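The structure under discussion appears below in the form of structure tokens.
Residue numbers (our numbering), protein chains in the order written: chain A, 1 to 287; chain B, 288 to 574.
Here it is in structure tokens:
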């Protein structure tokens, strides 16, 4: 099956066993045009040179993952988190990308309400730096099963509320199908997000049935029960024209030969994310 | 610490290693006044005699768990599910309880929208039986991490929508802190639920940090990050006067001596669910 890979992006964490240099080479050879860089992949490297290396492979650096983790009961830690987010903004600019994805954080020892307030305050504190660097702070709402320690922002409605309250061109939102697929208000909140001009990123993978690990058992698109194509249609109808970013954490796939895994990603992308022949011929779109 | 146990109910599944006869005896000896019976606990027993036995222990049978699981791609299976729910209603009446809890079900091979429609249709089909038996069908919204196979009803807002659409005195809603604690709209949806007269049940436990199993790692109240007391205040303010039902699935606790586990439940209930002295003396309520 042929397929247009011009909007395919892969997160470095998806092929975690590869160093970023190997990832870049292999993604490029597979015809992939986008890469999202996790900060651990930059360790011990000159960041601007790494950005240059990626561009030499004709890879657009879609975003840097990740900032966030603002809440804490300890005001010193909250300050350190803000500083770390400023560093992330700088690193993004050095790398040559205009987006930092935020996993906002949560503190199980305080109320979610308090954590949500600290997230808003934390992002507000970093906005001037983001503006100066030309980097968008992209709030990623996380699945409610991560509300204890990873993110107190758990629905797109919440992320929309927060982006509207912050009211800055330097704040955006990432729609990740893994976190949001279950939400009965997803379609309308995607519309709202697009209307506000806040729909900055689209992350894809699948929810395996059964899922055996809450963090590290994500599936390839088509392998689970998420209607990835349906959600893709919604984000496109809301005006999104960016990359489809494959973000898979998987102990299973990380154990495999990563070249074979990359082949599977490309195949799954063609078969389960791009519109298929049934759609082209009959105007019908599979769920 | 003293504490009023008159509103404490325990689900038979919480002390799964015990037969229902042992559970009844031990709950009663501990001063517990309510029991919710899981259907597996009734296997091989005369149901009305079992109900009589529970009442002889001065236990009120708060509900029967569980009906539901309506969605399927296969219309034959959907019909069988409706029949099974009618049986659950009969069993509840025989047992002497006026409530069946519904874990509504989900079918990963079809859209959530379709599953939600099938749930509504399934409940509607059982309402006449519920009315005839004097048994309330109580929708329990489940955590979004169960949206693949256990329930397509994942927020209290959804359950409220559905109960309002069904508009029957024989439909209610169970608020379970484990499933709903993360929801930023929880307080307002509890109010709405109470205003509608639909707040039928209140289930408690805790969300452990970290949670190592998606199904069988629930914690005792106070052991995790759920503000159980806060949510209890909300349901009471919404007019709820029923039992606080302890529903814990835990491989860890099921391995323990169940008498010691029961002591821990009673202690956790007193210390983390009932208002504590700090509240009584200072009007302050701990989160």
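The beta-carbon is built from N, C-alpha and C at its ideal position, and this holds for glycine as well. As the structure is a prediction and not an experimental result, all values here were calculated from the model.
Excluding five sequence positions before and after residue 379/B, the CB atoms of its chain that fall closer than 8 Å to its own CB belong to 350, 351, 385, 386, 387, 420 and 422, given in chain order. DSSP, read as helix, strand or coil, puts residue 531/B in strand. Judged by beta-carbon spacing, residue 207/A lies within the 8 Å limit of residue 178/A, meaning their Cβ atoms are closer than that value. In this structure, the alpha-carbon of residue 411/B lies about 13 Å from that of residue 358/B.
Think of a sphere of 8 Å around the beta carbon of residue 220/A: no beta carbon from chain B falls inside it, the nearest being about 15 Å out. Spatial neighbours of residue 447/B in its own chain (CB-CB distance under 8 Å, excluding positions within 5 residues in sequence) are listed in chain order as 460, 476, 479, 480, 483 and 485. Against chain A, the beta carbon of residue 453/B has no neighbour under 7 Å; the closest one sits roughly 16 Å away. Contact between residue 32/A and residue 54/A does not hold, since their C-beta atoms are separated by about 11 Å, which reaches or exceeds 8 Å. The straight-line gap separating the alpha-carbon atoms of residue 182/A and residue 316/B is approximately 43 Å. With its beta carbon at least 8 Å from every one in chain A, residue 333/B lies outside the interface. Only exposed fits residue 499/B, as fewer than 16 other CB atoms lie within 10 angstroms of its CB. Taking a cut-off of 8 Å for Cβ pairs, the region 34 to 50 of chain A and the region 72 to 91 of chain A touch, as three or more such pairs fall below it. For residue 544/B, the three-state secondary structure derived from DSSP is coil. One Cα belongs to residue 106/A, the other to residue 229/A, and the distance between them is close to 31 Å. Within 10 angstroms of the beta-carbon of residue 76/A lie fewer than 16 other beta-carbons, which makes it exposed.
At the C-beta level, residue 390/B and residue 429/B come within 8 Å of one another. With 16 or more neighbouring CB atoms inside 10 Å of its own CB, residue 365/B falls in the buried class.
DSSP places residue 348/B inside the beta strand (DSSP E), whose first and last residues are 347 to 355. Around residue 408/B, no beta-carbon contact reaches into chain A at under 9 Å, the shortest distance being about 17 Å. Interface residue (Cβ-Cβ distance to chain A less than 8 Å): residue 358/B is not classified as such.
In the three-state scheme derived from DSSP, where H, G and I count as helix and E and B as strand, residue 234/A is classed as helix.
With a cutoff of 8 Å on beta-carbon distance, residue 204/A and residue 236/A are scored as not near each other.
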